[in-house]
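There are 2 protein chains.
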Amino acid sequence: MIAKFFQPESVAVVGASREESKLGYRILKNVIEAGFPGRIYPVNPKADEVLGLKCYPDITYLPETPDLAVIVIPSGLVVEVVRRYGQRGGRAVIVISAGFKEAGEEGKRREEELVATCRQYGVRLIGPNCLGLMDTSSKLNASFAFDMPLPGNIAFISQSGALGTGVLDWSLKEEVGFSKFVSVGNMADVSEGDLLEFLADDPNTRVILVYLEGVRDGCRFLRVARQVTRKKPVIVVKSGRTSAGLKAVSSHTGSLAGSDAAFQAAFKQAGVLRAGSVQELFDYSLAFAYQPEMTGQRIAVVTNAGGPSVMAVDAVERAGLKLAVLSKETKDKLKSFLPVAANTANPVDVLGDALAKPYGQALETVANDSSVDALVAILTPQVVTQPRESAEEVARVARSFRKPVVACFMGGKRIEPANQILAEKKIPNYPFPERAVMALQALSYYHRQRTREVGEKLTVSPDSNRVKAIFQSAKAQGGILGDGDSREVLASYGIPVIPSLLTTSAKQCGEIARKVGFPVVLKLVSPDILHKTEAGAVRLGITTKKQAEKAYQEMIEKAQQYHPGAKIIGIQVQKQLEKAVEVIIGVSQDQQFGHLVMFGLGGVLVELMKDVTFRVIPITSSDIEEMLEEVRGIKLLRGFRNTPPGDIEAVKDVLLRVSCLVEDFPVIKELDINPLMVFPQGKGVLAVDARIALNFSLTETEAKEK
Amino acid sequence: MIAKFFQPESVAVVGASREESKLGYRILKNVIEAGFPGRIYPVNPKADEVLGLKCYPDITYLPETPDLAVIVIPSGLVVEVVRRYGQRGGRAVIVISAGFKEAGEEGKRREEELVATCRQYGVRLIGPNCLGLMDTSSKLNASFAFDMPLPGNIAFISQSGALGTGVLDWSLKEEVGFSKFVSVGNMADVSEGDLLEFLADDPNTRVILVYLEGVRDGCRFLRVARQVTRKKPVIVVKSGRTSAGLKAVSSHTGSLAGSDAAFQAAFKQAGVLRAGSVQELFDYSLAFAYQPEMTGQRIAVVTNAGGPSVMAVDAVERAGLKLAVLSKETKDKLKSFLPVAANTANPVDVLGDALAKPYGQALETVANDSSVDALVAILTPQVVTQPRESAEEVARVARSFRKPVVACFMGGKRIEPANQILAEKKIPNYPFPERAVMALQALSYYHRQRTREVGEKLTVSPDSNRVKAIFQSAKAQGGILGDGDSREVLASYGIPVIPSLLTTSAKQCGEIARKVGFPVVLKLVSPDILHKTEAGAVRLGITTKKQAEKAYQEMIEKAQQYHPGAKIIGIQVQKQLEKAVEVIIGVSQDQQFGHLVMFGLGGVLVELMKDVTFRVIPITSSDIEEMLEEVRGIKLLRGFRNTPPGDIEAVKDVLLRVSCLVEDFPVIKELDINPLMVFPQGKGVLAVDARIALNFSLTETEAKEK
């Protein structure tokens, strides 16, 4: 279906105009001038002919139903045209016109009507309020941008039309080719997900670039992108930090999940490569468009200049790549034709007076070394340097090996002809070493993502009825579960929780403490007091019955001072645990992507350093492995100084079970397990404090269906 | 003296050649062709005339002593030429020739001889093994680079000649002008410090760029740069991570100070702006070369396109700058001439169909708002956009206000003529919004550095003799001071240390513990056991005499197991302290910059997160303020959750005293105060554990003199 937008056999331009200043003129002109081989129908009641083509007064009167209708008329008239187009069986429409969702309440209503009309007739819609699209293989320029890009294998989906014009203009100067360009506008119907899905199987597209300010349907985006990235790289620039994704939150997890956490998580899970800027987007796209897959991380640098190669080596280290260690044979061969002063270890320095031939020979020798996964070819214009011929050598070597080769020809005027050759021969070329290395890092990241195992999910057999009952009764209490209920929910999903008993009098407290066995911990239970330590509602190291009784009294009093009128349910008595590493596992909700699960090490690492990581639920075992890698404090769990290695397997298991719980009960709005105590290897974990908040704007049934 | 290199009245080229492939030909040609107005003397025994100039067989026979001699002959002959030049009173020599320090042992000796010869005759030397230098104001091109750069106000000092050629070539293409370019080569004599000092007062230079791989004299660099940056910005790219700066270290501080810590610290203390790459170096240099000082942090964005302005706003946030809040007057004025759909709040969006006039008017209106400190003018090429005229508008507005204006004209072909105008009118112009914003961040950073207070140092009246005596006796013990001695040294410098008593028997331990008052802490004292917790050599919470006795026995046994044969001095008994925040203060040594002082929060924040910061000793109160700002964990000291604010003033005082101590006793190699307990505001600090290691490769007297 989406294919009709890109490879139509006939196109109508509704609103085609004879006035050169009008978009309707520009678009028709673009369709004609790009060399579109199919039938073109201008539609405009006020003209008989536009740009030499017969013009029709209304879409109804066209001699055929065009495969694609491009609409550029005042917004108030759009819906009626789409209706007529749909009625006669049309299926693909691009609405260029503005005046919809972006233009206040009336526009919003108009957009809703437009979408309803499309749905009614099975018409798919790109836009409204967009620049249009281009396809270099079908020679279609259904946009009001000036020039068609050169043919190539990069597809670009942009949520900003203006950025699109900038990019297209740039591409002509840099001689970079595109397969398709789509400006999606308001995304009322066709979304980034639809386009990704289509482009995944487009034979003309090798790499997909996306400029994103938000997604329409986060879950679909994640699902589709995950599949697409198995086939080809998707590189995204995400901009626009909005607080829209942040609901009012009361939990630790919620307050740690900034608006970007969900995107960051989703990109990782989907294997999407995130570029930090449009410049990076371009830099990476060249490497993907022109070079083979990078199957390892060992980089070799060949240079005619010391300084830039030092920078490249620094960049390799920063990027987490490795400097290849060249074999003795390689070094011997290099020695056989390079001057004595040349450096034959990586980075290979052929010296400033090298001509193109030894430069190319060095490149070839290094590329031939099986310990090299990718090459950076650096050149600066020195006295005898042959930039042009050296560029030819880089291209020759790149062609001969199935390894990525990127160039860094530094300079300006003298390097210009060489840059020209590199562009023609499709060698990614960057003006600075850092950018060349970053591009290789992108290739390496993508290879790891594409080949990464999906991982497994867990199936648990929980006591769902118990959980349902608890949630039902929590509804009456405003949807916040107490510590006891929360821990019971966790236990129902097989998550180990610390046994504890609730007391409601000082005397009982003392007795239970004695039964549990000293030392014990006392914790106040109150739905109104969330941050317990601040309210003095936790007491550790109680070693006698008397202490327990006294502490009971004091805690109740202090709580009443801290929060007068707070509902106090009682005090929980728990055995004080042996020393263990504390971690935090939590769940928060994002408007675009749904539930996120968080993991981090407890204490100051969470509080001060925000050393936590997120993933969109559901998660797999592979996601969990990566989460653990990302948290710097994980070293504590792996055994650090006098702390023995913790039971990491048990932690992973809890993460999987939390994911299952939330999948089964999307009514959960927030969840904190803080702390989860992690004992030494083989000794398991225990959830000590837990807190669950439900979202009763959804009924449970709706939530289930969602 | 250095001025002679740049503004000589006569230049000799020793090794001037008639063969075009020789550097001696290229250099003489460059001197002539750049239009040098003074006398030029080729020197070569094998020619009577080179490039139309009379050639002399030897520097001795020149009709005058040239102000500058450029030497490009085989390395073995250089010393003799310099001797003769020095003998007849010459003072400035550039040695282009390679074959010195960079070329093995013989070269190293040759370089030493060269330097000795220069010293003997008072000759200053640039190089050897360099590209030479250029000065556009005196029309001197004493290098073998191809082209002279355009005149301008940027000076560039490069430790890589090849990088220099790349940069010069780039500058011609981008039409960026330079005042001076110097390739320093091996820096056998004239160093980056000498050149910085000279350029600080050069009226033709407004900003100084430095490509650095290392410094010859870190202390001098720091001292000079600190002064220079008060006058004009110094931007440095530092590359080359070498482990040379890392000596064998046994302390926490030492292991945390990577090879880059000293540079990072020195740059901050000197107010030097560090660029992350050569691209950033250029980006920043344009802003400094062309725009006025940026006195505030409030940025306004004017754009004709939504997407790029979103990116700019993101970048402003990331850069720690602020989005200006426009006044009502400004917004009203914007409304008076912009279309209704335009956005008149910052970022101001004039919409895609804006012509140059309203675009310029919007820029002017915004620039006129006193709440705006700097502007970013964004333009993308849309249908009716007037890039050329819009560029003129940007230049017009920039001229009218004393506020930095940077442009971001995105695109390629269509934007080219506009880029040309912006370059001519000296408006820094960047292809992407992030780079434009980063350039403003650099301006803002420099303004803060230039106007920052130097801060004060502390004068303490220590018991120096006691410290000397302790150090003297430590010499016998391999230079490592025990905890007791270390704490005594600290106490001599007025740093509060926890009182403690040493015991050497279980019985005595029990008695002393009772005297000190329970609970107590026991600590094993052994010069062989450094990481105490790992050896079980610390016991907390001892509450009875019996416990103390038992613990004594166990600790001695465990220590003997952990490190058989370890020398055990005894066990220290300390009162167990109230809860306090732990910080770490340490000192380590760097080969290039000398002593560094480190500050960080204790525990996992240091161990895992390396949340620490360094400064070169001596430090001032301003340095300390900045150190505290840089440590993320500082929030703990400022009062966090149920931790009350700590006595930060007392922490600052300890940092100043440590700096004094190390200044007085440079024999100190490493020092750790770990932990320093910080009590609530007004309650002071206490050094609990301390460790000092001395460096006896220096005698104390030498160290004092150093």
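Chains as they are written, first to last, in the numbering used here: chain Y, 75 to 780; chain A, 75 to 780.
Where is the CB? At the ideal position from N, CA and C, for every residue including glycine.
Cβ atoms of residue j and residue i: under 9 angstroms apart, would you say?
i	j	result
Thr-525 (chain A)	Thr-239 (chain Y)	no
Gly-615 (chain Y)	Val-595 (chain Y)	yes
Gln-456 (chain A)	Ala-379 (chain A)	yes
Ile-554 (chain A)	Arg-765 (chain A)	yes
Ala-416 (chain Y)	Glu-467 (chain Y)	no
Val-728 (chain Y)	Ile-659 (chain Y)	yes
Ala-90 (chain A)	Asn-118 (chain A)	yes
Arg-706 (chain Y)	Leu-682 (chain A)	yes
Val-352 (chain A)	Val-311 (chain A)	yes
From residue i to residue j, what distance separates their C-alpha atoms?
i	j	result
Leu-355 (chain A)	Ala-516 (chain Y)	24 angstroms
Val-197 (chain Y)	Tyr-99 (chain Y)	25 angstroms
Val-105 (chain A)	Lys-499 (chain A)	30 angstroms
Val-678 (chain Y)	Val-612 (chain Y)	18 angstroms
Pro-505 (chain Y)	Pro-491 (chain Y)	14 angstroms
Pro-82 (chain A)	Pro-223 (chain A)	19 angstroms
Gly-713 (chain Y)	Asp-685 (chain Y)	18 angstroms
Phe-174 (chain A)	Asp-423 (chain Y)	18 angstroms
Glu-508 (chain Y)	Asn-278 (chain Y)	30 angstroms
Phe-79 (chain A)	Val-264 (chain A)	11 angstroms
Val-543 (chain Y)	Ser-600 (chain Y)	The amino acid at residue 543 (chain Y) is misidentified as Val; the sequence shows Ala. So the alpha carbons of these two residues sit roughly 20 angstroms apart.
Lys-632 (chain A)	Lys-581 (chain A)	18 angstroms
Gln-233 (chain A)	Val-308 (chain Y)	40 angstroms
Ile-693 (chain A)	Asp-746 (chain A)	17 angstroms
Ala-322 (chain Y)	Val-661 (chain Y)	Unreliable placement is indicated for Ala-322 (chain Y), whose pLDDT of 45 sits below 50; the coordinate value is still reported in the next sentence. Going from the Cα of Ala-322 (chain Y) to the Cα of Val-661 (chain Y) covers about 14 angstroms.
Trp-244 (chain Y)	Ser-518 (chain Y)	26 angstroms
Val-440 (chain A)	Lys-405 (chain A)	9 angstroms
Glu-176 (chain Y)	Glu-187 (chain Y)	15 angstroms
Going by DSSP, what residues sit across from residue i in a beta bridge?
i	result
Lys-312 (chain A)	A:Leu-286
Val-612 (chain A)	A:Lys-597
Pro-491 (chain Y)	None, per the DSSP bridge assignment.
Thr-717 (chain A)	A:Phe-714
Asp-243 (chain A)	DSSP lists no partner for Asp-243 (chain A).
His-669 (chain Y)	Y:Gln-663
Gln-646 (chain A)	A:Leu-576, A:Lys-597
Met-751 (chain Y)	Y:Glu-656, Y:Leu-760
To the nearest whole angstrom, what separates the beta carbons of residue i and residue j, a pair I think is in contact under 8 angstroms?
i	j	result
Leu-360 (chain Y)	Ala-513 (chain Y)	7 angstroms
Val-741 (chain Y)	Leu-768 (chain Y)	5 angstroms
Arg-476 (chain A)	Pro-366 (chain A)	5 angstroms
Met-701 (chain A)	Phe-673 (chain A)	5 angstroms
Phe-272 (chain A)	Ala-340 (chain A)	20 angstroms between Cβ atoms; not a contact.
Measuring CA to CA, which of the options is closest to residue i?
i	options	result
Glu-585 (chain Y)	Y:Pro-593, Y:Lys-619, Y:Ala-633	Y:Lys-619
Pro-140 (chain Y)	Y:Tyr-130, Y:Leu-296, Y:Ala-190, Y:Ala-86	Y:Ala-86
Ser-95 (chain A)	A:Leu-151, A:Glu-186, A:Phe-220	A:Phe-220
Val-189 (chain Y)	Y:Glu-530, Y:Cys-482, Y:Val-289, Y:Glu-154	Y:Glu-154
Ala-565 (chain Y)	Y:Glu-287, Y:Pro-536, Y:Lys-531, Y:Pro-148	Y:Pro-536
Met-208 (chain Y)	Y:Leu-242, Y:Gly-181, Y:Asp-447	Y:Leu-242
Gln-371 (chain Y)	Y:Lys-396, Y:Gly-350, Y:Ala-363, Y:Tyr-358	Y:Lys-396
Thr-303 (chain A)	A:Ala-654, A:Val-346, A:Pro-718	A:Val-346
Considering only heavy atoms of the ligand ZN, does any lie closer than 8 angstroms to the CB of residue i?
i	result
Thr-139 (chain Y)	By its list of ligands, the structure shown contains no ligand whatsoever, and the ligand ZN lies outside what it can speak to.
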